[in-house]
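So the protein sequences, as listed, match chains A and B.
According to our numbering, the first sequence is numbered sequentially starting from 958.
According to our numbering, the second sequence is numbered sequentially starting from 958.
Below you'll find the structure, written out as structure tokens, and then a few comments.
Protein chains: 2
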Amino acid sequence: MKKISDKVINRLTLYHSILTDYIEKNIEYISSPQIADLLHIDNTQIRKDIALLNYKGKCKVGYKAKELKILIEDKLKFKSVKTAFIVGAGNLGMALAKYDNFEAYGFNISALFDNSPLKIGIKVNEKEVFHLNELPVLAQKFNVKIAILTVPRINAQEVTDFLVKSGIKYIWNFTPCVLNVPDYVQVWNENLIGNFLQFTVNHNVEDN
Amino acid sequence: MKKISDKVINRLTLYHSILTDYIEKNIEYISSPQIADLLHIDNTQIRKDIALLNYKGKCKVGYKAKELKILIEDKLKFKSVKTAFIVGAGNLGMALAKYDNFEAYGFNISALFDNSPLKIGIKVNEKEVFHLNELPVLAQKFNVKIAILTVPRINAQEVTDFLVKSGIKYIWNFTPCVLNVPDYVQVWNENLIGNFLQFTVNHNVEDN
């Protein structure tokens, strides 16, 4: 299958969010100018993205919200469930465990892990916090290959080494560290600092 | 000034993170193959990015870590301080208030806001939580134009309207909603779902 660019994926999920909102409000149709207006991006860009889904709107009324939503879900494989562990049950780990609607996007967080005795056994959004030592056995038992890393910077590499030894193959990295992993492990950096700077450097944010 | 692409900004911050680590370990030089190896990206890409900083490494030894770090900081304007409020003192807001080293990147979070009486007055990483009603006055008093939005999905638009009325000009949106704002307000969507799907859709993450 042809690769979808990261920017297109990003926009499709934003359209999806708008469509969810429209459907909740019982609005049947949406037009590309309406989407363009909400996202402050160009109308032609939106039509180009939607053309990738082989979907054509109706003249004057636009796209059927429910149909377009399903097409985006198919394209981005929301039905293909990925199970993940959250590693680090601090505020960020807790926030992600509670994050609205991850499940709707095919993302199933099945458990959290931490090494603080104070946190073991508590439940966040019906997901239990286990001791990190239990991760290798549980990862194997439930065939979990994805870890969301939300530990403090200082522990990031050490915990990563442990995850790799435990059979984790994909790490969604929320720490500000660049992780050293073998070639067969993939890291996806959620680079908050980078995202913030993309915003400020190129969008003329005023100093103060 | 020529615009730096978002991808370049993203990579420069990752190089910066690696350099910080090298400097902490008292390693004086770093080579582009060493960076390439850690990030699993191509060496030529790294040299191209670093050429944008008008910096040339020394043959065989590479770049001086401290010099390269400063050049990245200048390019990405770490010295130009941006002050921001966090709006929503839930787990995510708390996590961002505690986030390692935002200050080092020129990002100063001066206060948090919430409407829960249980949270007003508590301090997170020396930053106080105020009632949302106090935001307009404090934003004007301290000339704060940036808000980091970490409220629940259900309140996102209502709080956004309030922020716009309070003079906020830039919103870093961590909610999964597309916010409706006037043209003079800029929203930067931290689209976690989109980022996750970029990872899974194009990187052949196995189902389970």
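Just so it is clear, CB atoms sit at the ideal spot from N, CA and C, and this is done for glycine as well.
Source: prediction; values computed, not measured.
- By the neighbour-count criterion, in which a residue is buried when 16 or more other Cβ atoms sit within 10 angstroms of its Cβ, B:Tyr1020 is buried.
- Pairing B:Lys1122 with B:Asn983, the inter-Cα distance amounts to about 49 Å.
- Straight-line measurement puts the Cα of A:Lys1017 at about 16 Å from the Cα of A:Ala993.
- B:Gly1047 belongs to the set of residues whose beta carbon lies under 9 Å from a beta carbon in chain A.
- A distance below 7 Å between beta-carbons, with the five flanking residues on each side excluded, links A:Ile1003 to the following residues of its chain, in chain order: Ser989, Ile992 and Ala993.
- One finds Val1135 and Asn1137 in chain A with Cβ atoms closer than 7 Å to the Cβ of B:Leu995, taken in chain order.
- The Cβ-Cβ distance between A:Leu1095 and A:Phe1042 falls below 9 Å.
- For A:Asn1137 against B:Leu996, the beta-carbon gap comes to about 10 Å, at or over 8 Å, which does not count as contact.
- Taking a C-beta distance under 9 Å as the contact criterion, A:Gln1155 and A:Cys1134 do not qualify as a contact pair.
- One thing to note: A:Ala1052 has its Cβ within 9 Å of the Cβ of B:Asn1048.
- Burial is judged here by how many other beta carbons sit within 10 angstroms of a residue's own beta carbon; A:Phe1153 has at least 16 and is buried.
- Taking a cut-off of 8 Å on C-beta distances, the stretch 1086 to 1100 of chain B touches the stretch 1064 to 1077 of chain B, as three or more cross pairs fall below it.
- Judged by DSSP in its simplified three-state form, B:Val1081 adopts strand.
- The Cβ of B:Asp978 sits closer than 9 Å to at least one Cβ of chain A.
- For B:Asp1071, the enclosing beta strand (DSSP E) has its first and last residue at Phe1064 to Asp1071.
- Per the coordinates, the alpha-carbon of B:Tyr1127 lies some 31 Å from the alpha-carbon of B:Lys1005.
- Taking the Cβ atoms as the reference, B:Phe1064 lies roughly 6 Å from B:Lys1039, within the contact range of under 8 Å.
- In this structure, the straight-line span from the alpha carbon of B:Ala1008 to that of B:Lys1023 is close to 16 Å.
- At least one C-beta of chain B is nearer than 9 Å to the C-beta of A:Ile975.
- The C-beta distance from B:Lys1055 to B:Asn1082 rounds to 5 Å, short enough to fall under 8 Å.
- Under the 10 Å beta carbon count, A:Ile1125 is surrounded by 16 or more other beta carbons and is classified as buried.
- Inter-residue distance for B:Asn1100 and A:Ile1027 is about 44 Å (C-alpha atoms, whole angstroms).
- No Cβ-Cβ contact shorter than 9 Å links A:Leu1025 with A:Thr970.
- If you look at A:Leu1120, you'll find it in the alpha helix (DSSP H) that goes Ala1113 to Lys1122.
- Put simply, of A:Phe1119, A:Ser962 and A:Ser974 the residue whose alpha carbon is nearest the alpha carbon of B:Asn1146 is A:Ser974.
- With fewer than 16 other Cβ atoms inside 10 Å of its own Cβ, B:Thr1001 counts as exposed.
- Judged by DSSP secondary structure, B:Val1094 falls within the alpha helix (DSSP H) whose first and last residues are Leu1092 to Lys1098.
- When the beta-carbon positions are compared, A:Asn1159 and B:Asp963 come within less than 9 Å of each other.
- Distance from the CA atom of B:Pro1074 to the CA atom of A:Thr977, rounded to whole angstroms, is 31 Å.
- By the CB criterion at 9 Å, A:Ile966 and B:Gly1151 fall inside the cutoff.
- For A:Val1044, the closest of A:Tyr1062, A:Gly1014, A:Lys1076 and A:Lys1015 by C-alpha to C-alpha distance is A:Lys1076.
- Assignment of B:Val1144 by DSSP, reduced to helix, strand and coil, places it in the strand class.
- In the displayed model, A:Val1086 falls within a strand according to three-state DSSP.
- Only exposed fits B:Ile1111, as fewer than 16 other CB atoms lie within 10 angstroms of its CB.
- In the three-state DSSP reduction, B:Lys1023 falls in the helix class (H, G or I).
- Rounded to the nearest whole angstrom, the C-alpha separation of A:Leu1149 and A:Ile987 is 32 Å.
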